[in-house]
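Residues in the sequence shown are numbered consecutively from 1, following UniProt numbering.
Note that beta-carbon positions come from the ideal geometry of N, C-alpha and C, so glycine has one too.
These numbers were taken from a predicted model, which means no experiment stands behind them.
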Amino acid sequence: RGRRGGSLWHVSTSLTSIKKPSIGQKPVFIHPITSCMVPHGEVARFHACVSGMPKPEISWFHNRQPVRPTKNVVFHFDEVTNTATLIIVDAFSEHAGQYTCRAANNAGEATCSATLTITRGEEEGNCWIRRLCPDSL
């Protein structure tokens with residue numbers, strides 16, 4: 001406040017915080033995981049191709065419980081092909097059930113699920129390894 005030439009004046013300032021909208025793309029499964037059947041003691045693999053910006057964090061679940069990596073259970077995300085992979089080196093009956101892959105980033109999340117069936121060995125497995133994601137992703 002002050003007086004200048006007989007006029008009264010007042011100066012006020014305020015700071016307003018403006019939240020920027022989140023920049024990014026919610027994860028989307030280009031190719032979700034698919035159900036498979038493997039013989040007891042064989043290798044089981046789930047592959048999913050996912051897009052999103054920023055790069056999604058991948059989490060795996062078995063019957064709704066988080067999957068923890070062990071020497072027998074390995075997961076990996078290939079940033080070149082945007083492929084999330086879960087490998088069970090020796091699949092046994094306790095590994096059978098529903099598997100869910102969750103991709104999440106600050107723009108949102110997406111999930112896909114599939115079933116792993118373990119056979120007694122006389123049936124042939126039907127999990128295939130294939131190229132899931134185009135190189136351009």
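GLU79: first and last residue of the uninterrupted beta strand (DSSP E) it sits in: That residue, GLU79, is in no beta strand (DSSP E); it is neither H nor E in DSSP.
Just curious, the beta strand (DSSP E) that ASN105 is in, first and last residue? Counting along the chain, the beta strand (DSSP E) containing ASN105 begins and ends at 97-105.
Since ALA110 sits in a beta bridge, which residues does DSSP pair it with? ALA103.
Assign ASN82 to one of two classes, buried (16 or more other C-beta atoms within 10 Å of its C-beta) or exposed (fewer than that). Counting C-beta atoms within 10 angstroms of its own C-beta, ASN82 has 16 or more neighbours from the protein chains shown and is therefore classed as buried.
Should HIS47 go down as buried or exposed, given a rule of 16 or more other Cβ atoms within 10 Å for buried? Classification of HIS47: buried, given that the 10 Å Cβ count is 16 or more.
So PRO56 packs on PRO27, CB below 8 angstroms; how close in whole Å? The Cβ separation is near 4 angstroms, so the contact holds.
Are the CB atoms of LEU86 and MET37 nearer to each other than 9 angstroms? The beta carbons of LEU86 and MET37 sit no closer together than 9 angstroms.
I'd like the list of long-range same chain contacts for SER35, defined as Cβ closer than 6 angstroms, with 5 residues on each side in sequence excluded. The residues are ALA114 and THR115.
Return the Cβ separation of ILE118 and HIS62 in integer angstroms, given the expectation that the two are a contact with Cβ distance under 8 angstroms. ILE118 to HIS62, Cβ: 13 angstroms. No contact.
Go ahead and pull the three-state DSSP assignment for GLU94. Looking at GLU94 - three-state DSSP - the assignment turns out to be helix.
Counterpart residues of HIS47 in DSSP-defined beta bridges: Paired residues: THR85.
Of the choices MET53, TRP60 and PRO54, whose alpha-carbon is the least far from that of THR98? The displayed chain sequence assigns Gln, not Thr, to residue 98. Nearest option by C-alpha distance: TRP60.
Going by DSSP, what residue range makes up the beta strand (DSSP E) through HIS31? Its beta strand (DSSP E) spans residues 25-31.
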